[in-house]
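Engineer:
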Amino acid sequence: MATNTLDNSLNRNGLNNDRGTTAPHDAFIRLRWSIFEDVSTILVLDDPRSQNPSFSPFVGHAIAAEPASQIPLTEIAITNSYIDWYDHYDYESPEPLLVSRADGGTVTVADVVEELSAYFTSHREDIFMVLELYLKKRPCRFVVDGNVEYDPTILASGEEISPDTKVLFNGFFWYRRARRGAWSRIVC
């Protein structure tokens with residue numbers, strides 16, 4: 022993959038970017054992704070303007086090779102806003118996920134999806150714990166000695182979030198560049 026040769030202060034349209042932010046690639050809006058399932062199950066909306074939507078597999082799709090952000094970057098930091106904003110005296114949110122390529126090239130949509138998939142899976146209980154609170158469901162997950170633990174004995178009430186619940190990826194709402202051309206913070 023070719024490395025980024027664009028001036029880091031300009032976006033694809035040549036507009037100056039002096040705010041230190043850049044938007045994610047539009048491809049992320051087109052993904053239909055249950056975050057705890059395998060990457061091979063992700064679908065891409067073929068034409069977002071179509072009245073009759075059709076979908077193609079993400080794996081092997083052309084958008085997978087596109088840069089992950091509108092200003093191509095070589096490193097991106099990703100955090101989950103719900104987990105980061107969770108305030109509990111005995112809970113420490115996970116470190117941001119840093120996505121970069123071994124070859125130092127521009128981070129692609131596929132790079133982000135593959136890394137995020139593993140990140141979501143490894144933080145599944147954290148995500149469900151925060152969703153229980155956010156959705157005002159009966160908590161089944163608790164922080165014990167700084168770790169999230171699941172208590173299946175609470176499942177009888179019907180007010181909890183089942184472990185089989187599908188959580189769908191809903192995109193990113195902002196990027197923030199920490200330093201010019203170096204990395205962005207994505208909140209999902």
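Everything in the sequence shown is counted per my numbering, starting at 22 for the first residue and increasing by one. Heads up, the beta-carbon is just placed ideally off N, CA and C, and yes, glycines get one too. Please read these numbers as outputs of a predicted model, since none were measured by experiment.
So what does DSSP say about Gly202, is it helix, strand or coil?
Structural biologist: Note that Gly202 scores 39 on pLDDT, short of 50, meaning its location in the model is unreliable; the coordinates nonetheless yield the value given after this. Note: Gly202 maps to coil in three-state DSSP.
Engineer: Output the distance between the C-alpha atoms of Phe190 and Gln72, rounded to the nearest integer angstrom.
Structural biologist: Using only the alpha carbons, I get a separation of about 22 Å.
Engineer: To the nearest angstrom, report how far apart Pro115 and His144 are at their CA atoms.
Structural biologist: Using only the alpha carbons, I get a separation of about 8 Å.
Engineer: Count the other C-beta atoms from every protein chain shown that fall within 10 angstroms of the C-beta of Leu52, then say buried if there are 16 or more, exposed otherwise.
Structural biologist: The residue is buried, with at least 16 neighbouring Cβ atoms inside 10 Å.
Engineer: Are His82 and Val60 close, meaning C-beta to C-beta below 8 Å?
Structural biologist: Result no, Cβ atoms of His82 and Val60 do not sit closer than 8 Å.
Engineer: Grab the span of the beta strand (DSSP E) containing Leu94 for me, first residue to last.
Structural biologist: That residue, Leu94, is in no beta strand (DSSP E); it is neither H nor E in DSSP.
Engineer: Any heavy atom of the ligand FMN inside 7 Å of the beta-carbon of Asp59?
Structural biologist: Within the structure as shown, the ligand FMN is missing, as the structure has no ligands at all.
Engineer: Hey, out of Ile99, Leu94, Asp147 and Phe57, whose CA is closest to Thr129's CA?
Structural biologist: Taking only the C-alpha atoms, the option nearest Thr129 is Leu94.
Engineer: Let me make sure I understand the geometry here. Which of Ile99, Thr127 and Glu135 has the alpha-carbon closest to that of Leu118?
Structural biologist: Per the Cα distances, Ile99.
Engineer: Would Ser90 be called buried (16 or more neighbouring beta carbons within 10 Å of its own) or exposed?
Structural biologist: Result: buried.
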